[in-house]
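For the record, the sequence lines run as chains F, W, H and V. Residues in the first sequence are numbered consecutively from 1, following the numbering used here. Residues in the second sequence are numbered consecutively from 328, following the numbering used here. Residues in the third sequence are numbered consecutively from 655, following the numbering used here. Residues in the fourth sequence are numbered consecutively from 1003, following the numbering used here. Working notes, beginning with the structure itself.
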Amino acid sequence: MAETEITYRDALRQALQDAMRADDTVVVIGEEVGAYGGAYGVTRDLITEFGAGRLIDTPISEPAIVGVAVGAAMTGLRPVAELMYVDFLGLVMDQLANQAAKIRYMFGGQIGVPMVLRTQGGTGRSAGAQHSQSLEGWIMHTPGLRLAMPATAADAYHLLRHSLTLPDPVVFIEHKSLYTRKERVDLDAEPTPWGKAVVRRQGNDLTLVTYSRMVHVALAAAEQLAKQDISVELIDLRTLNPLDMATVIASVERTGRAVVVSEGPLTGGVASELAARIGEECFDYLQAPVIRLAGEDIPIPVSPDLESASIPTAALIVATVRRMLRR
Amino acid sequence: MAETEITYRDALRQALQDAMRADDTVVVIGEEVGAYGGAYGVTRDLITEFGAGRLIDTPISEPAIVGVAVGAAMTGLRPVAELMYVDFLGLVMDQLANQAAKIRYMFGGQIGVPMVLRTQGGTGRSAGAQHSQSLEGWIMHTPGLRLAMPATAADAYHLLRHSLTLPDPVVFIEHKSLYTRKERVDLDAEPTPWGKAVVRRQGNDLTLVTYSRMVHVALAAAEQLAKQDISVELIDLRTLNPLDMATVIASVERTGRAVVVSEGPLTGGVASELAARIGEECFDYLQAPVIRLAGEDIPIPVSPDLESASIPTAALIVATVRRMLRR
Amino acid sequence: MTPPDATPGPARANTRLPELYRTMRRIRTFEERVAELYARGLSAGSMLHLSIGEEGAAAGVAAAMRPEDSFTTHHRGHGIFLARGADPARMMAEIGGKEAGYCRGKGGSMHIADMALGHLGANAIVGGGIPHVVGAGLSYKRLGTDAISVAFFGDGAMQQGLLYESMNMAALWDLPVLFVCINNQYGMGTRIDRATRSIEFDRRAEAFGLAAAMVDGEDVEAVHRTAQALADGARGGKPGFMAISCFRFFGHGRMDKSPYRTAEEEATGRKRDPVSRARDALLSQGLNDAAALDALDAGIAREMDATIDFTAAADAPAGASMFRDVFGPGEPEPEPLQSRLDRILADA
Amino acid sequence: MTPPDATPGPARANTRLPELYRTMRRIRTFEERVAELYARGLSAGSMLHLSIGEEGAAAGVAAAMRPEDSFTTHHRGHGIFLARGADPARMMAEIGGKEAGYCRGKGGSMHIADMALGHLGANAIVGGGIPHVVGAGLSYKRLGTDAISVAFFGDGAMQQGLLYESMNMAALWDLPVLFVCINNQYGMGTRIDRATRSIEFDRRAEAFGLAAAMVDGEDVEAVHRTAQALADGARGGKPGFMAISCFRFFGHGRMDKSPYRTAEEEATGRKRDPVSRARDALLSQGLNDAAALDALDAGIAREMDATIDFTAAADAPAGASMFRDVFGPGEPEPEPLQSRLDRILADA
Ligand SMILES: Cc1ncc(C[n+]2csc(CCOP(=O)(O)OP(=O)(O)O)c2C)c(N)n1
Ligand SMILES: Cc1ncc(C[n+]2csc(CCOP(=O)(O)OP(=O)(O)O)c2C)c(N)n1
Ligand SMILES: [Mg+2]
Ligand SMILES: [Mg+2]
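What follows is the structure in structure tokens.
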């Protein structure tokens, strides 16, 4: 029916538009979200329909942007605060982690902070060490925050819509290299369930677990492996909090092998969390160590060659899987 | 010779004093570090010897404190910036993670940022969700930062002295519940090597890996287990970057079982990193899953009963080890 | 630098001084009982910050607020919350970490809050609650209510950058917001002249486009008049700022014996006492006689004594409550460590 | 609000205008070549921010600095660095992400730096480099040198709280520091009047105790005089602030076609051209004839053309350099993923 070819960017815009039509307490607050339409174009033209009262351009004051969203969320609005780059989290972690994440708990459940912090991260544009990071590890380590990282246009749409109905703060991290990806999406289809992983490809030899852009890298690897008669199962987590371990465990218990893939730096990151959990939960089923593929433990260099070499590639996934299977 | 009974707090003060005598570019910058002597008394009286030019009291401006330390470290000083509580990291992560940690790399190796960020964390004082956290997980996940977390007075002394000779930024996290711990320390003894874990107790049945205050909790557990004829090896990591996996691996290869213990929240934290690494490196030796004991994934409540129940206890370690050993 | 409304106070017949006095006395006595709670080992921890000496600020501004208004405070916020109508027994129970407290023992002194009274929260991060009132102001403007939101903070927060970002946004968006700096001369051991070169704080706010005033916190009526004028302005969309000068009578927290200041400075500072000044004024203006005031004070003392007994007798929160309220009702909760271990080690 | 030194310029015989013109022309031409580098697909990414229209700020302030002085810049810092003596070829190579660049291709346009010239770094975080000059000032004061440190930033950073924390510390500690706001009227698509209610930025700095001035960036000599006076003051321990008004001729970055402003506004704005104004002044004052200036400009064009060829021919950094310089020389480096896999999977 409403199946259309749509980009990840447009799916996000559509989600905002539909949510703003459905709920007039939804407001968008951030730098260049109004007239400019967002640094990556996600809010383009929304100001025409909703006006400057709901597409609120701010000064370059990230700590206050998040702090204002917290206060607004406590008093009747449902703000979508936009952080132009996830790299700016360092400026707002106090408002996010000490305030938004803890208010419900510290106040004994009196009130929540129903806000969404939309931002984008990752490599792909030679934007350098301060504009290319994957910092979901900090968020995942902060009790009280939900965390969504969609890989597809359909998930971008449904997860953002769902985020805008939750009673708690959601960090919603898009990937800068996915905005222009086009897909056929049925917007009327059953919505992506919140907090559930999806099996993107079924297989028997090994389980690949990942999220966000690495889903597509892993898919490419899985296709290459299929040509070599290696059948891998690919799980896209979609949300990191909640974390759907049930889907992961079921798969690994069947395949006996797992590789986890994350673009963020290896040490202390999401890949480690996944490997630790799989190791705990699937110990008796594992035929090989759970292998983590992740970003190198370095700042992201500007040089395009170095940048692309600093994160996992399809070739690396293929090689690693083959070695794990001794093939 | 110079063996004296000394508290963790006094060992830190002694380290600062000795470093400041040895190197007159060392300055301390932070809130209440001068006349007040530090919120936890670590810099008490140092201002008498070194003056207000080297014990620099600041306004309550954490982002600028760290930013000023970065600039000073690039231009000839060796600043010790003090953050009164590790919980305030959220205010300074940009200056720490985007600036201090990346400057050497982004600038192609031209210059480093030889500064130490001293702070303290952890539970034990009913100080609530914004003054009791263990946030080393964020630091460990940030390439370019060193990270020390001493458990003993001797390590506090030597690791802080060593930190003040390194060419790179060091985050040095003390534990608020350790300041008054007294120990016999030989300050002239062989210094604690930087980046090396220490085996605090030898054993054969299982390896406990931890750091900071949890070392003492784990020691208490190990003693109780010994009475039940269970012999655990206890490793104190001392620094989390560098991370001395060699010591951990050697032990786990011998014992075949590991429990990792951290006060910080479980998900995405240090315990997960350790479990993931042990799982990768010791796969063929493991007779049971690596078990993570860590803080609950919740904000820290003020109520003293809830607070102490929210982090691992000796009783929990004992029970877990016994279950792992089916004893 | 003169308050926007510098006209003399209202005719004496209309004075709110009796009410302001009563509020201030209740704060003073409550804080004395907090000190006692701590001394008796009944408080949750030692991070208790008394607002003795600052009653004029709390009472004066609070009286300019309406029931629908909201506010946030810093860590030294007991007095403000009381002045806005808090139940002292539930406050004390929270300070004691008990289930009967405003936040069920999870927040304590530094994170007390009550949505029913518009208290959006005390904060243990200096400056942390300031932007929240800007967010509240945004809500009120958008939702078309008549409320304002007020941020209370100390002089220490005047050196936190977030304050300036917040004031700038409030001015840019014409929000119904009031920023109130309670300048008690100290941030921990640092006297304000060691924290900044310029204490003309109103100039800072004016430079961002706010209406601004400075007022002496010993004079609760002056505080009230200034706050009223600025609150009226804020309700009309012109955000305001005021700095209230006073003196922190005691140490920063319960452990701090103030070695960094002289006995003489303390003695002089404590002469700036808004409570006794108001009492003297009530007597000298013949609005009350001493016996009536003594009776009032005694009643307050009894009320506040009872808060300690209430707290001592109250239950600690049940252990299981630890996992409640991390997320909203019905949402998936974090898995307790023990459940995880039971599952994983079940067949070990 | 008048510059501290508002006396007329020096006698024409002593004018530095020819030198200032040359610096500005070099900046203008360099930036035009950066646009070309991008258009030819030779730049590392598209995050290139041209300072065309802002040459008066860069040249005027830079000329008031001494060789021992240091500085940080924002993301739009090419002109400032050139004015402080950068080699345009090494700059261009860095912008191209090449090993021959100032930062060996790891920093790019937004993170260029050179310790030899006192460039403590461009910054991709708005306001991020501001406190670093306060730290440098602290070093200079403590180490007893005569240097000052200068922070360059845009009008956008006037709304970052860190600026106020930094100015406050500089004033409190009497540091040899100068804060320079290059107000090009826009932060991305946001005109300054949509970012703040009050653009009298000097009042903000004064309220923190700094010497402050506002100056028209089209007049490079006025910028230079103002900067000189404030730099002299800073060298004497009185930190300064100046806001230089100018116009960003082109879009924010290379992708931005400025749909948020009218062609008319752009045309008017571009009339505020410090380069052509200086050229006109040189001619009308008889300090240069047109032929000489044409020759100068042509020489500069050749020099800048060569930077593109240099960059095109330069090598990308070697792959292994990726792991270098995370930590200092001789320190344990992060383990590359591949080594870890080789070890773990060796016997798999
Ligand atoms: C961001 C932050 N920095 C430091 C502290 C530690 N601290 C708590 S209160 C305080 C002094 C605050 O002074 P002021 O704002 O004047 O409030 P007062 O205590 O005088 O009421 C400090 C430094 C903190 N809680 N938060
Ligand atoms: C902390 C931060 N917020 C937002 C951005 C995205 N951004 C880059 S430049 C810019 C505009 C800056 O405006 P201004 O400071 O006036 O400098 P200009 O670009 O005009 O030179 C923005 C919003 C950023 N890089 N850093
Ligand atoms: Mg104070
Ligand atoms: Mg600008």
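Don't be surprised by glycine CBs; every beta carbon is placed ideally from N, CA and C.
Verify the CB distance criterion: does residue i have a CB-CB separation below 8 Å to chain W?
{"i": "proline 265 of chain F", "result": "yes"}
{"i": "asparagine 1170 of chain V", "result": "yes"}
{"i": "alanine 1138 of chain V", "result": "yes"}
{"i": "arginine 322 of chain F", "result": "no"}
{"i": "arginine 44 of chain F", "result": "no"}
{"i": "glycine 256 of chain F", "result": "no"}
{"i": "glycine 268 of chain F", "result": "yes"}
{"i": "histidine 1134 of chain V", "result": "yes"}
Measuring only between beta-carbons, confirm whether residue i sits less than 8 Å from chain F.
{"i": "proline 1334 of chain V", "result": "no"}
{"i": "arginine 340 of chain W", "result": "no"}
{"i": "glutamine 1187 of chain V", "result": "no"}
Taking C-beta to C-beta, are residue i and residue j nearer than 8 Å?
{"i": "valine 248 of chain F", "j": "valine 198 of chain F", "result": "no"}
{"i": "proline 390 of chain W", "j": "leucine 373 of chain W", "result": "no"}
{"i": "proline 830 of chain H", "j": "glycine 791 of chain H", "result": "yes"}
{"i": "glycine 606 of chain W", "j": "glycine 279 of chain F", "result": "yes"}
{"i": "methionine 245 of chain F", "j": "glutamate 281 of chain F", "result": "yes"}
{"i": "tyrosine 756 of chain H", "j": "methionine 746 of chain H", "result": "no"}
{"i": "methionine 842 of chain H", "j": "histidine 906 of chain H", "result": "yes"}
{"i": "aspartate 168 of chain F", "j": "valine 86 of chain F", "result": "no"}
{"i": "serine 453 of chain W", "j": "proline 631 of chain W", "result": "yes"}
{"i": "arginine 161 of chain F", "j": "alanine 15 of chain F", "result": "yes"}
{"i": "phenylalanine 855 of chain H", "j": "arginine 1199 of chain V", "result": "no"}
{"i": "glutamate 722 of chain H", "j": "alanine 770 of chain H", "result": "no"}
{"i": "proline 592 of chain W", "j": "methionine 976 of chain H", "result": "no"}
{"i": "valine 28 of chain F", "j": "valine 80 of chain F", "result": "yes"}
{"i": "leucine 117 of chain F", "j": "leucine 240 of chain F", "result": "no"}
Where does residue i land, buried or exposed, given buried means 16+ other C-beta within 10 angstroms?
{"i": "serine 938 of chain H", "result": "exposed"}
{"i": "glutamine 529 of chain W", "result": "exposed"}
{"i": "alanine 1348 of chain V", "result": "exposed"}
{"i": "aspartate 1296 of chain V", "result": "exposed"}
{"i": "aspartate 23 of chain F", "result": "exposed"}
{"i": "arginine 511 of chain W", "result": "exposed"}
{"i": "glutamine 437 of chain W", "result": "buried"}
{"i": "alanine 1257 of chain V", "result": "First, the residue type needs correcting, since residue 1257 of chain V is methionine and not alanine in the sequence shown. Its Cβ having fewer than 16 others within 10 Å, methionine 1257 of chain V is exposed."}
{"i": "lysine 182 of chain F", "result": "exposed"}
{"i": "aspartate 1317 of chain V", "result": "exposed"}
{"i": "proline 1334 of chain V", "result": "exposed"}
{"i": "arginine 348 of chain W", "result": "exposed"}
Tell me whether residue i, by its Cβ, gets closer than 7 Å to a heavy atom of ligand 6.
{"i": "proline 1261 of chain V", "result": "Absence of ligand 6 is noted for the structure shown, with ligand 1, ligand 2, ligand 3 and ligand 4 being the only ligands found."}
Please confirm whether residue i has its beta-carbon closer than 8 Å to some beta-carbon of chain V.
{"i": "arginine 845 of chain H", "result": "no"}
{"i": "tyrosine 914 of chain H", "result": "no"}
Of all Cβ atoms in chain H, is any one closer than 8 Å to the Cβ of residue i?
{"i": "alanine 64 of chain F", "result": "yes"}
Requested in this report: Mind checking the stretch 739 to 769 of chain H against chain F and listing, in chain order, the residues whose C-beta falls within less than 8 Å of any C-beta there?
Outcome: Hits within the stretch, in order: Gly755, Tyr756, Cys757, Arg758, Gly759, Lys760, Gly761, His765, Ala767, Asp768, Met769.
Query raised in the report: Who sits around ligand 4, taking every residue whose Cβ is closer than 6 Å to one of its heavy atoms?
Result: Here the residues come out as V/Gly1156, V/Asp1157, V/Gly1158, V/Asn1186, V/Tyr1188, V/Gly1189.
Query raised in the report: Using Cβ-Cβ distances below 8 Å, what residues of the stretch 421 to 453 of chain W are close to chain F?
Result: Here the close residues are Asp421, Gln422, Leu423, Ala424, Asn425, Ala428, Lys429, Tyr432, Met433.
Query raised in the report: For the stretch 395 to 415 of chain W, which residues have a beta carbon sitting closer than 9 Å to at least one beta carbon of chain F?
Result: Answer set for the stretch 395 to 415 of chain W: Asp414, Phe415.
**Report entry** Selection of the stretch 272 to 293 of chain F by Cβ proximity to chain H, strictly under 7 Å
**Finding:** Answer in chain order: Glu280, Glu281.
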